[in-house]
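Take a look at the structure below.
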Amino acid sequence: MREKLLALAALQKVDVEVAALKKNAEAYPKEIGEFEKQLAAAKAAVDAERTKLEELERQRVTLEHTVVEEKDKVKKWEARLTEQRSTREYSALAREIDIAKKGQQTMSEEITELGRQATIQREVVRTKDGEFQDKSKGLLEKIGALKEKLAAAEASVRALDGSREAAAKSVDGSLLKRYDVVRKKRMPALAALVPPGVCKGCGMNVRAQLYNTLVASKGFDTCPSCSRIVYAQEVLEEPATK
Ligand SMILES: [Zn+2]
């Protein structure tokens, strides 16, 4: 009987280790996700500044094209000016040319202003990008370290799964079934009774007679209170040679 208990206690030891490892490993994906979110937010902030810069440059290029077109138009009008026969037609066209030139002037000023804003914005992008590079370096290192820890924990769990299989083979079949049923509801599923008869699993008192019986039989029973598999603590504490 004692050998059955020893085998089951060994199995439970592995199960407790696996449960602790899995609990630890569960935290890693959440932490990784949190850092990845921070990384994405930092990148989005730089991208937003870069988009502003692109918009300023796009506006400037559009205006520059418009100015070129306007200049061509005015050149054609100026050529036509000499062909005007009446003074009225001449002065009407001259006025159009004057208005167009003023428009060009306004656009040139806007181009200069857009260029000025783009220079400032380029500096903003440069600064923010520098900050992002620094921040992302730290975040990527943290993410990398966590991924390594996660992989290590998963490898340990796999290794322990192997140990569990081996440990389970040594446990008596019907006892293993009982253990697995209890294990799904509460861990540890195997609990010691300490004199005069307190279940270490639930802390409740059981009949002292049960304790004495288990000392004598070196066997196991069910805790009436929590349904754990219980044994007398001194049975597993005594040296195996006895
Ligand atoms: Zn109990």
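Residue numbers for the sequence shown follow the working numbering, so the first one is 4 and each next one is one higher.
Idealized CB from N, CA, C, for every residue including glycine.
Since this is a predicted model, take the numbers as computed values, not measurements.
How far does the beta strand (DSSP E) with residue i in it extend, from its first residue to its last?
i	result
residue 195	193-197
residue 233	232-235
Would you mind reading off the limits of the alpha helix (DSSP H) that contains residue i?
i	result
residue 86	Run containing residue 86: none; DSSP gives neither H nor E here.
residue 220	211-220
residue 186	176-188
Compute the distance between the beta-carbons of residue i and residue j, then report whether it is under 8 Å.
i	j	result
residue 209	residue 196	yes
residue 190	residue 22	yes
residue 1	residue 149	The displayed coordinates of the chain run from 4 to 245. Any statement about residue 1 would go beyond what the structure contains.
residue 1	residue 96	The chain is shown only over 4 to 245; residue 1 falls outside these bounds and no answer can be derived.
residue 18	residue 129	no
residue 163	residue 58	no
residue 102	residue 80	no
residue 239	residue 12	yes
For the candidate residues the options, whose alpha-carbon lies nearest to that of residue i?
i	options	result
residue 10	23, 76, 167 and 190	167
residue 213	221, 200, 206 and 28	200
residue 67	137, 6 and 116	116
residue 159	8, 27, 4 and 65	27
residue 1	220, 187, 138 and 215	Since the first residue shown for the chain is 4 and the last is 245, residue 1 is missing from the structure and cannot be characterised.
residue 140	39, 82 and 177	39
residue 123	157, 36 and 60	60
residue 232	162, 202, 171 and 238	202
residue 7	127, 126, 175 and 79	175
Using a Cβ-based criterion (distance less than 7 Å to any ligand heavy atom), does residue i qualify as near ligand 2?
i	result
residue 156	Summarising the ligand content, the structure contains ligand 1 and does not contain ligand 2.
Q.
I'd like to know if the region 137-156 and the region 22-41 are in contact, where contact means that at least 3 CB-CB pairs between them fall below 8 Å.
A. yes
Q: Would you be able to state if there are at least three C-beta pairs under 8 Å between the region 180-189 and the region 67-76?
A: no
(Q) Can you confirm whether the region 211-226 touches the region 50-63 when touching is taken to mean that 3 or more C-beta pairs between the two stretches lie within less than 8 Å? (A) no
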